[in-house]
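In my numbering, the protein residues as written are 690 to 801.
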C-alpha cells in the first residue's frame, strides 16, 4: 500500500479530498439557497405592496390603462434589478475564497 509522508495511505487521502469537496459544495449551496430565499421574500413583499397601492390608491372599477402599464413596468424593473443584484451576490459568494465559516466536524455535523 502506498503511503505518503504524513503516514496516510493514498486511498485515505483520496477519500478525505472527496469528502472535503462534498462539504465545500454543501456549504456553497447553503449560502446560495439563503440568498435565493431572501430574493423570494423581497419579490413577494414588493408585489404585495404594489397590489395594496393599486387597490387603495386607484379606483378598482375605473382603472386607467396608462396607470396599469406604468405600475407593471415599475414592478418588472424592480424585479429585474433585484435579480441582477442577487445574481451578482451569488457570484461573489461562490467566487470568494472560503473563510471556513462553514465546516464539518468528525460526526458530519455542520459548524457555522
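For each residue, glycine too, the CB sits at the ideal point set by N, CA and C. The model shown is predicted, which means the values in this text are computed figures rather than measured ones.
query: C-alpha gap between residue 736 and residue 698, whole angstroms; result: 57 Å
query: Whole-angstrom distance between residue 703 and residue 777, CA atom to CA atom; result: 33 Å
query: C-alpha distance - residue 763 paired with residue 726, whole-angstrom precision; result: 22 Å
query: Residue 698 (DSSP reduced to helix, strand or coil); result: strand
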